[in-house]
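Novice: Got a structure for you, written out below as structure tokens; questions coming shortly.
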Amino acid sequence: MRAQELAGKKGVRILAIESSCDETAASVVEDGRRVISHAMYSQIKIHEKYGGVVPEIASRKHIEKLPYVVEEALSAAGMTIADADALAVTYGPGLVGALLTGVSYAKAAAYAAKKPLIAVNHIEGHIAANYITYPELEPPFVCLVVSGGHTEIVVTEDYGKYRLLGTTRDDAAGEAFDKVARVLGLNYPGGPNLERLAKDGDKDKYALPKSFRGETHLDFSFSGIKTAVINLVHGMEQRGEEFSPADVAASFQKTVTEELIKNTMIAAEREGIKKIAIAGGVSANGALRTLAAKEAEKRGFDLFIPKFEYCTDNAAMIGAAAYYSLKNGAAPLDLNAEPSLEL
Ligand code: KG4
Ligand code: ZN
């Protein structure tokens, strides 16, 4: 069936593929809301020794693992590719080589199986992760997108329709977590490791700079706090001062999460929208989740954050987003990877 004919239908099963960074993932999702199966090969162990994702290695691993991960997702769903109504793939943003492996694989598989292929924006996928966790969630809602490459506040006005309210002027929130983690001697991936370290720290020990105080826009800046942490740590090291890295981690985490949640709450108040969602890898952060819940409750807002396993990169979110893109039709066979794709 053509993509447009599937739009809005019930019982539509999409086989989705995600390979934009260091996770090789495939999933079967029904009607954009129900995960039938989910398979993933994480490359974390491989990139760990280099302190970050090595794009060339990521691409080669995707090529090696994709067929197995797809097969695993299909067999766990009790399906063959012939039973899928459509295929979906992340075509951007992300690492160009990594994206290309998934795009090439999906194009070939869709062509051979005579299925429509839906091209999905990775960020749209992160937002759609909320549809899996909350089958009742419908637009409009305000969404804070916080990943390794993006930090944005958007209004999801309708499925596939977004309006940007604020963005970072420099580093993404996840990027700041990763850089500060490195300064504190933590391994890749920095975000979750920093959170673990921060658990035993005093979050009020260091007063770190906040960005754009007194401004009315909703943009972010995280390069200032990153530099402040680097200077703080290097200064203490040079003076031979004893300090607790856990206190630094906790203070950093507190400051960044406060910035993120403050602007998100202002955005929802200004827009008069009582539903707030959070999406992207940093939404896995416990301190962010707790603060968001507290501030949302204070204002009578409903809060939506994906289940932990759908916060970071996965293919289920791509399958969820794809369902709502069916109405736009299938991607052409000359679909290319778009590393800098915007929402
Ligand atoms: O969404 P994601 O998996 O990949 C991108 O699309 O970028 O996000 C990855 C980012 C990384 O910067 C990672 O350090 C951060 O999300 N992250 C976290 C946590 N888990 C992942 N940051 C803070 N706390 C966490 N628990
Ligand atoms: Zn992501």
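Letter 185 of the sequence shown, counting from 1, is numbered 212 in my numbering, and no numbers are missing.
The C-beta atom is built at its ideal place from N, Cα and C for all residues, glycine as well.
#1: Once the 5 residues before and after P5 are set aside, which same chain residues still bring their CB inside 8 Å of it?
#2: Give the straight-line distance between the Cα atoms of I73 and A294, rounded to the nearest whole angstrom.
#3: How many angstroms separate the CA atom of K350 from the CA atom of A111?
#4: Using a Cβ distance threshold of 8 Å, determine whether the stretch 109–129 contacts the stretch 351–366, with at least three qualifying pairs required.
#5: Tell me which residues share the same chain as A225 and place their Cβ nearer than 6 Å to its Cβ, disregarding the 5 neighbours each side in the sequence.
#6: For my contact list, V182 and L370 are in at a C-beta cut-off of 8 Å; report their separation, rounded to the angstrom.
#7: Below 8 Å on the Cβ atoms is my contact criterion, and I expect E378 with I345 to pass it. Report the Cβ-Cβ distance as a whole number of Å.
#8: Span of the beta strand (DSSP E) holding H177?
#9: With a threshold of 7 Å on Cβ separation, who are the neighbours of A30 within its own chain once the five nearest residues in sequence on each side are excluded?
#10: Pull up the distance between the alpha-carbon of T282 and that of V207, whole angstroms please.
#11: Would you report the Cα separation of E98 and L126, rounded to the nearest angstrom?
#12: Taking the DSSP output, what are the residues bridged to F247?
#13: How would you label Q265, buried or exposed, when you count the other beta carbons within 10 angstroms and need 16 or more for buried?
#14: Please identify the residue among H153, L221 and G35 whose C-alpha is closest to the C-alpha of C338.
#15: Should E179 and S238 be called a contact, given that it needs their Cβ atoms to be closer than 8 Å?
#16: With distance defined between alpha-carbon atoms, name the residue in A343, S367, P366 and A347 nearest to A53.
#17: At a cut-off of 7 Å, is D49 close to the ligand ZN when judged by its beta-carbon and the heavy atoms of the ligand?
#18: Report all residues from its chain with a CB closer than 6 Å to the CB of T284; omit the five preceding and five following residues, and keep chain order.
#19: Could you tell me which whole beta strand (DSSP E) segments of length 3 or greater appear in the stretch 279–320?
#20: Confirm the yes/no value for this check: CB of S46, any heavy atom of the ligand GDP, distance under 7 Å.
#21: Spatial neighbours of F270 within its chain, please: CB distance less than 7 Å, with the 5 preceding and 5 following residues excluded, ordered by chain position.
#22: List the whole-angstrom C-beta distance separating A100 from H65, where the pair is believed to meet the contact cut-off of C-beta under 8 Å.
#23: Quick check on this structure: which residue in V55, G307 and K325 has the alpha carbon closest to the alpha carbon of K334?
#24: Restricting to Cα atoms, I'd like to know which of G193, T195 and N220 is closest to F204.
#25: Which whole-angstrom value describes the C-beta separation of A348 and A155, a residue pair presumed to lie in contact below a C-beta threshold of 8 Å?
#26: R61 lies in the beta strand (DSSP E); which residues open and close that run?
#27: Enumerate in chain order the residues of its own chain whose CB-to-CB distance from T107 is below 8 Å, with the five nearest sequence positions on each side excluded.
#28: Just mark H244 as buried or exposed, buried being the case when its beta carbon has 16 or more other beta carbons within 10 Å.
#29: With a threshold of 7 Å, establish whether the CB of D340 neighbours any heavy atom of the ligand ZN.
#30: A104 to A85, Cα distance in whole Å?
Specialist: Quick answer:
#1: The structure shown does not extend to residue 5, since the chain spans only 28 to 370, so no value can be given for it.
#2: Start at 1 with the first residue of the sequence shown, and residue 73 comes out as number 46. Start at 1 with the first residue of the sequence shown, and residue 294 comes out as number 267. Roughly 39 Å between the two C-alpha positions.
#3: Taking the sequence shown and counting its residues from 1, one reaches residue 350 at position 323. Taking the sequence shown and counting its residues from 1, one reaches residue 111 at position 84. The identity of residue 350 in the sequence shown is Tyr, whereas the question assumes Lys. Each residue's alpha carbon lies about 12 Å from the other.
#4: yes
#5: Sequence index remark: in the sequence shown, residue 225 carries index 198 (1-based). Once the five neighbours on either side are set aside, the close Cβ partners of A225 are A276, A277 and Q280.
#6: Numbered from 1 along the sequence shown, position 155 holds the residue referred to as residue 182. Numbered from 1 along the sequence shown, position 343 holds the residue referred to as residue 370. Cβ atoms of V182 and L370 stay farther apart than 8 Å, at about 11 Å.
#7: Any property of residue 378 remains undetermined from this structure, which presents the chain solely from 28 to 370.
#8: Here residue 177 refers to the residue found at position 150 of the sequence shown. No beta strand (DSSP E) holds H177; DSSP gives it neither H nor E.
#9: Translated into positions along the sequence shown, residue 30 becomes position 3. So the qualifying residues of the chain are A113, P143, I145, L353, G356 and A357.
#10: For this step, residue 282 is matched to residue 255 along the sequence shown. For this step, residue 207 is matched to residue 180 along the sequence shown. Each residue's Cα considered, the two are about 13 Å apart.
#11: Against the sequence shown, residue 98 aligns to sequence position 71. Against the sequence shown, residue 126 aligns to sequence position 99. Approximately 19 Å between the Cα atoms of the pair.
#12: Here residue 247 refers to the residue found at position 220 of the sequence shown. BP columns for F247 point to T195.
#13: Against the sequence shown, residue 265 aligns to sequence position 238. So Q265 ends up on the exposed side.
#14: Here residue 338 refers to the residue found at position 311 when the sequence shown is read from its first residue. When each option's Cα is compared against that of C338, the closest is H153.
#15: One-based indexing of the sequence shown puts residue 179 at position 152. One-based indexing of the sequence shown puts residue 238 at position 211. Cβ distance not < 8 Å, so E179 and S238 don't count as in contact.
#16: Counting from 1 along the sequence shown, the entry for residue 53 is found at position 26. Of A343, S367, P366 and A347, the residue nearest in Cα terms is A343.
#17: Taking the first residue of the sequence shown as position 1, residue 49 is located at position 22. No, since every heavy atom of the ligand ZN falls outside the 7 Å radius drawn around the Cβ of D49.
#18: Sequence index remark: in the sequence shown, residue 284 carries index 257 (1-based). These residues qualify, in order along the chain: A314, L315 and L318.
#19: Counting only runs of 3+ residues, the beta strand (DSSP E) found wholly inside the stretch 279–320 occupies 302–306, in chain order.
#20: In terms of ligand content, the structure shown lacks the ligand GDP and carries the ligand KG4 and the ligand ZN instead.
#21: By one-based count along the sequence shown, residue 270 stands at place 243. Result list for F270: M263, in chain order.
#22: For this step, residue 100 is matched to residue 73 along the sequence shown. For this step, residue 65 is matched to residue 38 along the sequence shown. 7 Å between Cβ atoms; contact.
#23: Counting from 1 along the sequence shown, the entry for residue 334 is found at position 307. Closest option to K334, Cα to Cα, is G307.
#24: As a working mapping, residue 204 is identified with position 177 in the sequence shown. Ranking the options by Cα distance to F204, first place goes to N220.
#25: Position 321 of the sequence shown, counted from the first residue, corresponds to residue 348. Position 128 of the sequence shown, counted from the first residue, corresponds to residue 155. Between A348 and A155 a beta carbon distance of about 4 Å is seen, short of the 8 Å cut, so the two are scored as contacting.
#26: Here the question's residue 61 lines up with position 34 in the sequence shown. Here the beta strand (DSSP E) through R61 covers R61 to S69.
#27: On the sequence shown, position 80 is the one that residue 107 refers to. Closer than 8 Å at the Cβ level, and outside the excluded window around T107, lie L101.
#28: Your numbering for residue 244 matches position 217 in the sequence shown. The residue in question, H244, is exposed, as its Cβ has fewer than 16 Cβ neighbours within 10 Å.
#29: The residue labelled residue 340 in the question sits at position 313 within the sequence shown. D340: yes, Cβ under 7 Å from the ligand ZN.
#30: In the sequence shown, the residue the question calls residue 104 occupies position 77. In the sequence shown, the residue the question calls residue 85 occupies position 58. A104 and A85: Cα-Cα distance of roughly 27 Å.
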